[in-house]
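Data first, discussion second: the structure below is written as structure tokens.
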Amino acid sequence: MSRRGEHDVIVVGAGVVGAATALALVREGFDVVLVEARPAPPWNAADDVDARVVALAPDAVALLDELGVWKPITQVRACAYSRMRVWDALAPGELAFAAEDRGESALGWIVENRLLQHALWQALANASETGGSLQLRVPGEVAGIENSENNAVVSLADGSSLRARLLVAADGATSPIRGLLDIGVREHDYGQRAIVAHVGTERSHESTAWQRFQPGGPLAFLPLGDGRCSIVWSLQADEAERVLALDDAAFCAELGCALDFRLGNITSTTRRLAFPLRMRLAERYVAGRSLLIGDAAHAVHPLAGQGLNLGLRDVHNLRGQLRRAKARGIDPGAAQVLRRYERERRSENTLAANSFTLIERCFNSESIAVAGLRGLALAVADKVTPLKRVLMDAAAGRL
Ligand SMILES: Cc1cc2nc3c(=O)[nH]c(=O)nc-3n(C[C@H](O)[C@H](O)[C@H](O)COP(=O)(O)OP(=O)(O)OC[C@H]3O[C@@H](n4cnc5c(N)ncnc54)[C@H](O)[C@@H]3O)c2cc1C
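Position one of the sequence shown corresponds to residue 3 (my numbering), numbered consecutively onward.
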């Protein structure tokens, strides 16, 4: 901290994106304060697999590796998937990806949210040894923000205040900071809820991510290291209510049918959780010396498993902008630095979010003509190698 009590960066929110941002910036030599409303999520490797898992793309894993948290995660548990199969409930045609087509061992990894967050928090505890400095304000809640020409001043609910040259809001999809900064959002309610659970299957998941598009929403089966699958079943809200109310045997029977019995019968299920699905795109990423990152900037449909991957790409980009600024002696909160981050990330995130909405709408239609076109599109994408490569590169964060 400078003599005037000013930090380089305040990060609000220590979810995966906020914690990764703070860690990345401390390692670049910045003086960072991380403010999080809730204490670190409890983690015990002996517990069952966390109900929330994410599919991480290779570029997200590369970033976590650079930050020193990937190895500790794999030492506990992470499941690589080497294949992906996508098909339509109403039309023939199937798209299949295989890591070996690219000479790679995995298309991505399934990791528990709580383990990811735990590994990041562990690394944060030792972060100051790596270059910069870190102050944790947990639990800490932001009550107000003032952006001036020279710094951003954050008042906390306990009456204290913090000052920094840059404020990073990583406070999630409903971001209170976005509201305090008066940044508008474009919202789209999909009218769906995503049901998540871990299920046992009669046949092996073959380290494959399975996705079947059906009217009402997509159903994904993601492989877990213990042989079970984690499902994300997006359904219209009223249908989701009905499915949530089923007893376990009836739920397993309907789920097996919904996946065309590709993995045979469903033999067990954990407790089910449900999440309302809503796209939220911030109209701007920057206000004065503050910027939005992760779900605070863009919350997207989970059908492509890209929400967190996009957030970690924001972290990678911001780290690069601030690294260059530091090397040139430029203030980390300077408008030119923040605008560049906004320009580069907002275009990719908006394109991705709108593409997912388009795919969701297209696959939701029960029209025979649209279904026929979908089947054709899947079959063509599967056969045309350059197109398939582009789709794989996009999912892997290589475009
Ligand atoms: C069903 C489902 C499946 C998904 N699957 C995938 C997937 O396979 N792959 C993928 O990449 N993404 C996936 N996602 C998306 C992914 O979960 C999110 O993009 C990601 O968790 C967002 O992380 P975040 O750190 O930006 O926000 P959050 O995880 O929401 O973290 C925000 C943090 O800010 C804190 N906070 C909030 N307000 C304040 C405040 N005022 N002061 C201090 N702290 C505050 C909160 O306590 C929280 O810790 C999925 C989402 C859903 C719903």
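The beta carbon of each residue, even a glycine, is placed where N, CA and C say it ideally should be. Quantities reported herein were computed from a predicted structural model and do not represent experimental measurements.
Going by beta carbons, Tyr-192 and Ser-236 fall inside the 9 angstroms limit. Pro-94 counts as exposed, since fewer than 16 other C-beta atoms from the protein chains shown sit within 10 angstroms of its C-beta. A distance below 6 angstroms between beta-carbons, with the five flanking residues on each side excluded, links Val-14 to the following residues of its chain, in chain order: Val-37, Val-144, Ala-171, Asp-173 and Ile-179. Around the C-beta of Ala-242, 16 or more other C-beta atoms lie within 10 Å, and the residue is accordingly described as buried.
When C-beta atoms of the region 329-336 are compared with those of the region 252-265, fewer than three pairs fall below 8 angstroms, so the two segments do not count as touching. Excluding five sequence positions before and after Ala-289, the CB atoms of its chain that fall closer than 8 angstroms to its own CB belong to Asn-149, Leu-183, Asp-184 and Ile-185, given in chain order.
Your pair Val-71 and Ala-26 does not check out as a contact, with CB atoms roughly 11 angstroms apart and the cut at 8 angstroms. Straight-line spacing of the CA atoms in Ser-84 and Ser-163 works out to 48 angstroms.
In the assembly as shown, Val-88 is a buried residue. Its beta-carbon has 16 or more other beta-carbons within 10 Å. Within the same chain, and ignoring the five residues on either side of Arg-325 in sequence, the residues whose Cβ sits closer than 7 angstroms to its Cβ are Glu-30. Annotated as proximal: Glu-96 and Asp-384, with beta-carbon spacing under 9 angstroms. Listed in chain order, the beta strand (DSSP E) runs fully inside the region 11-67 are 33-37 and 55-58, counting runs of at least 3 residues. Annotated as proximal: Arg-230 and His-200, with beta-carbon spacing under 9 angstroms. The nearest non-hydrogen atom of ligand 1 is less than 8 angstroms from the C-beta of Gly-174. Using a 10 angstroms sphere on the CB of Ala-48, the tally of other CB atoms stays under 16, which defines it as exposed. For Pro-304, the three-state secondary structure derived from DSSP is helix.
The C-alpha of Ile-295 lies about 14 angstroms from the C-alpha of Arg-342. The distance from the Cβ of Leu-65 to that of His-300 is about 17 angstroms, inconsistent with a contact at the 8 angstroms cut-off. Ala-166 places its beta carbon less than 9 angstroms from that of Val-11. Remark: C-beta atoms of Ser-157 and Ala-298 do not approach each other more closely than 9 angstroms. Taking 9 angstroms as the cut-off, the Cβ atoms of Ala-196 and Trp-212 do not count as close. When the alpha-carbon of Arg-116 is set against those of Gly-105, Ala-21 and Gln-194, the nearest one is in Ala-21.
Under the three-state reduction of DSSP output, Leu-312 falls in the helix class.
Counting only the Cα atoms, Ala-373 lies some 33 angstroms from Ala-53. In this structure, the alpha-carbon of Ile-233 lies about 21 angstroms from that of Pro-60. Bridge pairing for Trp-212: Arg-87 and Phe-223 [DSSP]. In this model, Leu-224 and Ile-112 are separated by some 7 angstroms (Cα to Cα). In the DSSP assignment, Asp-191 falls outside any alpha helix (DSSP H) and lies within the beta strand (DSSP E) extending over 187-203. Spatial neighbours of Gln-216 in its own chain (CB-CB distance under 7 angstroms, excluding positions within 5 residues in sequence) are listed in chain order as Ala-91 and Ala-260. Within the region 240-282, the runs of alpha helix (DSSP H) at least 4 residues long that lie entirely inside it are, in chain order, 250-260. In the DSSP assignment, Gln-137 forms a beta bridge with Val-35. Remark: C-beta atoms of Val-63 and Gly-17 do not approach each other more closely than 9 angstroms.
In this structure, ligand 1 has no non-hydrogen atom nearer than 8 angstroms to the beta-carbon of Leu-138.
Sorting Val-34, Gln-119 and Ala-57 by C-alpha distance to the C-alpha of Ala-42 places Gln-119 at the top. For Ser-236, the pairing in a beta bridge is given by DSSP as Ala-196.
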